[in-house]
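Protein chains in written order, with this note's numbering: chain A, 86 to 385; chain B, 808 to 1164; chain C, 419 to 686. Every residue gets a Cβ at the ideal spot worked out from N, C-alpha and C, and that includes glycine. None of these values were measured; they are calculated from a predicted model. Since the structure comes first, as structure tokens, the remarks are kept for the end.
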Amino acid sequence: MTELTAEQIDTGPRSGWQAPNLWWLVLPAVLFLILFFLIPVLSLFATSFDKAFAGVITFQGNLTWDNYERIFTRALYYKAIYKSVFLGVAVSLICLVIGYPLAYVIARTLRPGTATLLTILVLASMQLDMVIRLYGMMVLMGDNGLINNGLTALGIISEPLPLMYNDFGVVVGLVQVTLPFMILSLIGAIKSINPALEEAARSLGSSRWHVMRTITWPLSLPGVYAGTLLVFALAISSYVVPALMGGWKVITLPIHIYQQIAEVGRWQFGAAVAVILFLTSLFAMTIYILALRRNAGGRV
Amino acid sequence: MSDIRLENLTKTYGHTHAVEAVTLKIEEGEFYALLGPSGCGKSTTLRMVAGFVMPSMGRIWIGGQDVTPLPPEKRDIGIVFQNYAIFPHMNVAENIAFGLKLRKQSRAQIETSVKAALDQVGLTGFGDRYQRNLSGGQQQRVALARVLVTKPRILLLDEPLSALDKALREEMKFWIKNLQQELGITTIYVTHDQDEALTMSDRIGVMRAGHVEQSGTPREIYEEPATLFVTSFIGQSNVLDVTCLEAGEGRATVRLADTVLKAGLRHRVPVGAGAKLVIRPENVLMGAEAEATGVPLLEARVLGETYQGAMLRYRLDVAGQELVAERQNQMHLACWEPGATVKIGWTPERARLLPAG
Amino acid sequence: MSDVKPIPLTFRIIAGIALLVLLVPVSIVVMAGFNSGEFLRFPPDGLSLRWIKEFFVSQTFLPAFKMSFGLALATTFVSTVLGTLASVFLTRSTSRWREMLRALFIMPVILPGVVLGLALYVFYIWTDLGLARSLPGLLIGHVLVTMPFVIATVTASLVDFDLSIEEAARALGASPLQAFMKVTLPNITPGIMAGTIFAFIVSFGQFELTLFLSTPDLQTLPIAIYTSLRYAFEPTAAAAGIFAIFLVTVSTLLTSRLVNLKKLLRRH
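Right, dumping it as structure tokens:
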């Protein structure tokens, strides 16, 4: 590892601060990750194959598929998988539909000030503590929330609309939380399309919508794939949104994990649910990273 | 095929005039170059004709039709961009068919037209290639084929050669010109390269700071520049300070140092005041050649000589003003060493008097 | 150049809706924090600093805010140091393990927060090193999820850095270390600072991991607000939220000064 082959010297990065051995630089970070990331996560995976005992966190070594069998045979659990995936798909599609136009405006606006302002707004709303944003959502959408309150005051409705503590509320919450990620994925993809392509199509007789359909949209597909998968992975992994906006009535995989542990204390089974969740989101994320690499032409 | 008329065309961004009151008439079948340095408004003018930029004032007619309010897709024009703008997600054939599909042609018709267009631009068999597999020159040809296949009324070319290397540029210059002549299509060609403008165009409009300084044939532009800017932008010129003694019909008498000379005149130059005398290096005659013409001669001191292969270039000093002379490098002609004194002169028709400033 | 409106009206309208989705919840928090009544209702009651004052004497939210702030500072320090060193390796080394390490370094953000939280919690109890339900245990978790952001930002600025400038320093007689410290480091400082701010914000708002690692006496602001939201909509929580919103807005503005936003978008 410390010796470079002749080929590596020829093709490697140019000399700079690269003494033959730079391992001491990365060593602290790597040790940290091995100790506090790889070992814990792999142990968790191992635990998921252990026989479940309520309230016990020890590794018994009784290897079994029991936990996984339970997940896929009991409706309660496989419905949670189904629910998570369904919510993830709905959220990604909604984010795409409402995020694409804003990304397009940011990428194509002629006023650089507008683009910068909008980008900062999107970035800031992405970075703001989720729980704080959910506070706003809940004040808005609760039975006594601003919407129901206002509509009742105006005499439009007499009974509050069920906006929260159901699938609808969870979807709206997840869209709010994940939308910035979709927009940021799309801006890059749309920006990288040379505006001359759109103008060329216009001059050949295309209307604005036809250009959108035949030129802009197909060329922005890498960003569309990346954004959709990223949002999907984030949506199915979220615990706090279904917990608050669903009020524990919408049971997704992360909710299950927490319930198994906090309420029933079945660690081994919770671990198995976690593995399933991880594999699903890893699958989406892997495709996401591949799409991103293709998008960036291998620069990532 | 149509003529193009621009009337008082103006574009302002905030307080800057990108294009100011441009009025031009481009004849049917003409190859018209808009030439100027970057930022002179030539591209904005072209983009207004194409419909991508809305004029702040003025009108545009194509073939007698006022197209000013029309969006680009309704103008029936063809435009080739600097970077060709080949759709990267479509192959060459699909690129060329793009405009035809919009014109609701039948599949068979499109196929025939695409094939004919590929033959026309010398890319037979390239139909299923993609942009990333094409060289710059090939992309250029595809861009042209894609435009021409829709039979546009006019052709707009925006610096189409600037992305090519020098050798290819020479080749494409003649190829484009031939194609244009063959089709007889009215063409506006935007460039900052005087060489392209001079060799390719029927007429040139030299632009500067948003307006057209001079519009005329390449010969007129080169030999009878109307302003000092055109003089300095096209080719090389010596600009000398002189005093105007007399200004008549097409002729003026001036004094340079202590010599009285004649020069061509197209503009109003106040008598008795300072003016600029413009003369191209290749028109400055030296030694025996100058004496043979019988014109009044000036005394010059040789400051330096540059060897340029086929040409020799002399830096000369005439009564404190520097000028450059160029002559053929031929065995039988005399040479001068730096420091030598030499008689120089030029025929009055080759010199031009312009107002100072 | 072109000023023939390139953006269709429908797009502008939907873009407006998307902006509302992003901004309305935040505005409501601000309104709730400055509201004079117990509940935010329609139409609002009026303005007051009542809840802001309440926040400064609150037994839950003020300590939680301080806790989050301190934890984020500590987290940022550790992950900036570890992450920057690792980034130098990732951009300069020719090792064939480089790509694998790069993947390893992003893993903690790919892993759902709940899974990582559970894994760490089980690990802490197993190893019995006193990390379970402790501040160091929480810090470790936060470093895991913030380091990827530091590495991404610093790596990007190292990749953009023109190596020939460092080579010029070498040619002028600087040692490798001198060249790096005196030429390269000052030039990538904006990137490192942007990474630092990122790390701070991510740690400050981190929820799902914290849920497994915190205890009632180790409450961070997100956990405190979450607990409050489960049972009552305390306006004091919104007042605390206003300070967090201010913090995030300022740091986003700072980041956008430090690194070219456009570059960040192209690469991200």
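I'd like the span of the beta strand (DSSP E) that includes residue i, first residue to last.
i: Cys1051 (chain B); result: Asn1045 to Ala1054
i: Lys1069 (chain B); result: Thr1066 to Leu1072
i: Trp868 (chain B); result: Met864 to Ile869
i: Leu1110 (chain B); result: Leu1105 to Gln1115
Could you give the C-beta distance for residue i and residue j, rounded to a whole number, given that I count them as a contact under 8 Å?
i: His896 (chain B); j: Pro303 (chain A); result: 5 Å
i: Gly932 (chain B); j: Leu975 (chain B); result: Not a contact, Cβ separation roughly 20 Å.
i: His999 (chain B); j: Pro844 (chain B); result: 6 Å
i: Ala492 (chain C); j: Leu557 (chain C); result: 6 Å
i: Leu246 (chain A); j: Asn233 (chain A); result: 6 Å
i: Phe523 (chain C); j: Ile470 (chain C); result: Not really, about 40 Å apart at Cβ, beyond 8 Å.
i: Val1078 (chain B); j: Glu1053 (chain B); result: 6 Å
i: Lys600 (chain C); j: Ala617 (chain C); result: Not confirmed; about 25 Å, so no contact.
i: Ala1059 (chain B); j: Leu1161 (chain B); result: Actually they do not touch by this definition, with Cβ atoms about 10 Å apart.
i: Ser969 (chain B); j: Leu831 (chain B); result: Contact flag wrong, Cβ pair sits at about 23 Å.
i: Ala1064 (chain B); j: Val1109 (chain B); result: Contact doesn't hold; Cβ gap of about 16 Å is too wide.
i: Phe651 (chain C); j: Asp214 (chain A); result: Not quite, the Cβ-Cβ distance comes to about 16 Å (not below 8 Å), so this is no contact.
i: Met855 (chain B); j: Lys908 (chain B); result: About 27 Å; that fails the 8 Å criterion.
i: Leu816 (chain B); j: Pro876 (chain B); result: Their Cβ separation, rounded to whole angstroms, is 14 Å, which puts Leu816 (chain B) and Pro876 (chain B) out of contact at 8 Å.
For residue i, report the span of its alpha helix (DSSP H) as first-last.
i: Tyr220 (chain A); result: Met215 to Met226
i: His295 (chain A); result: Arg293 to Val296
i: Thr817 (chain B); result: That residue, Thr817 (chain B), is in no alpha helix (DSSP H); its beta strand (DSSP E) goes Ile811 to Tyr820.
i: Asp1002 (chain B); result: Gln1001 to Met1007
i: Thr1060 (chain B); result: Careful: Thr1060 (chain B) lies outside any alpha helix (DSSP H), inside the beta strand (DSSP E) at Arg1058 to Leu1063.
i: Pro526 (chain C); result: Arg516 to Ile528
i: Leu306 (chain A); result: Leu306 to Ser322
How big is the Cα-Cα spacing for residue i and residue j?
i: Thr993 (chain B); j: Asn898 (chain B); result: 28 Å
i: Ile1151 (chain B); j: Gly1094 (chain B); result: 6 Å
i: Val668 (chain C); j: Gln872 (chain B); result: 55 Å
i: Ile995 (chain B); j: Ile268 (chain A); result: 40 Å
i: Arg468 (chain C); j: Leu647 (chain C); result: 19 Å
i: Gly464 (chain C); j: Gly531 (chain C); result: 39 Å
i: Ser674 (chain C); j: Gly609 (chain C); result: 11 Å
i: Asp965 (chain B); j: Pro265 (chain A); result: 38 Å
i: Gln938 (chain B); j: Thr299 (chain A); result: 16 Å
i: Phe117 (chain A); j: Ser128 (chain A); result: 16 Å
i: Ser292 (chain A); j: Glu880 (chain B); result: 6 Å
i: Ile205 (chain A); j: Leu941 (chain B); result: 39 Å
i: Phe122 (chain A); j: Thr654 (chain C); result: 36 Å
i: Glu978 (chain B); j: Gly885 (chain B); result: 22 Å
i: Leu338 (chain A); j: Pro327 (chain A); result: 10 Å
i: Leu841 (chain B); j: Ala857 (chain B); result: 14 Å
i: Pro1025 (chain B); j: Ile1011 (chain B); result: 6 Å
i: Val207 (chain A); j: Ile619 (chain C); result: 15 Å
i: Arg685 (chain C); j: Glu901 (chain B); result: Here Arg685 (chain C) scores only 40 on pLDDT, less than 50, and its place in the model is too uncertain to base an answer on.
i: Gly934 (chain B); j: Gly906 (chain B); result: 15 Å
i: Val1013 (chain B); j: Asn985 (chain B); result: 23 Å
i: Leu367 (chain A); j: Val257 (chain A); result: 24 Å
Under a three-way DSSP split, which group does residue i fall into?
i: Thr90 (chain A); result: Summary for Thr90 (chain A): the model assigns pLDDT 40, below 50, so the residue's position carries little reliability; its value from the coordinates is reported in the next sentence. Looking at Thr90 (chain A) - three-state DSSP - the assignment turns out to be coil, as it is neither helix nor strand.
i: Gly101 (chain A); result: At Gly101 (chain A), the pLDDT of 46 sits below 50, so the modelled position is not reliable; the number obtained from the coordinates is stated separately. Coil.
i: Phe618 (chain C); result: helix
i: Trp1143 (chain B); result: coil
i: Ala842 (chain B); result: Note that residue 842 (chain B) corresponds to Leu in the displayed sequence, not to Ala. In this structure, Leu842 (chain B) counts as strand in the three-state DSSP scheme.
i: Ser1022 (chain B); result: strand
i: Pro113 (chain A); result: helix
i: Glu827 (chain B); result: strand
i: Glu918 (chain B); result: helix
i: Tyr162 (chain A); result: helix
i: Val1149 (chain B); result: strand
i: Arg976 (chain B); result: helix
Is residue i near the ligand NAP, going by C-beta to nearest heavy atom under 7 Å?
i: Ser177 (chain A); result: In the structure on display, the ligand NAP does not appear, and there are no ligands present to speak of.
With a cut-off of 8 Å, does the C-beta of residue i fall near any C-beta of chain D?
i: Leu909 (chain B); result: Absent from the structure: chain D. Protein chains present are A, B and C.
Worksheet item: In the segment 439–481 of chain C, which residue ranges form an unbroken beta strand (DSSP E) of at least 3 residues, counting only runs that do not cross its ends?
Response: none
Worksheet entry | alpha helix (DSSP H) runs contained entirely in the segment 262–296 of chain A, provided each spans 4 or more residues | 280–288 and 293–296
Fill in: Length at least 4, wholly inside the segment 877–960 of chain B: the alpha helix (DSSP H) runs in chain order
899–909, 914–927 and 943–955
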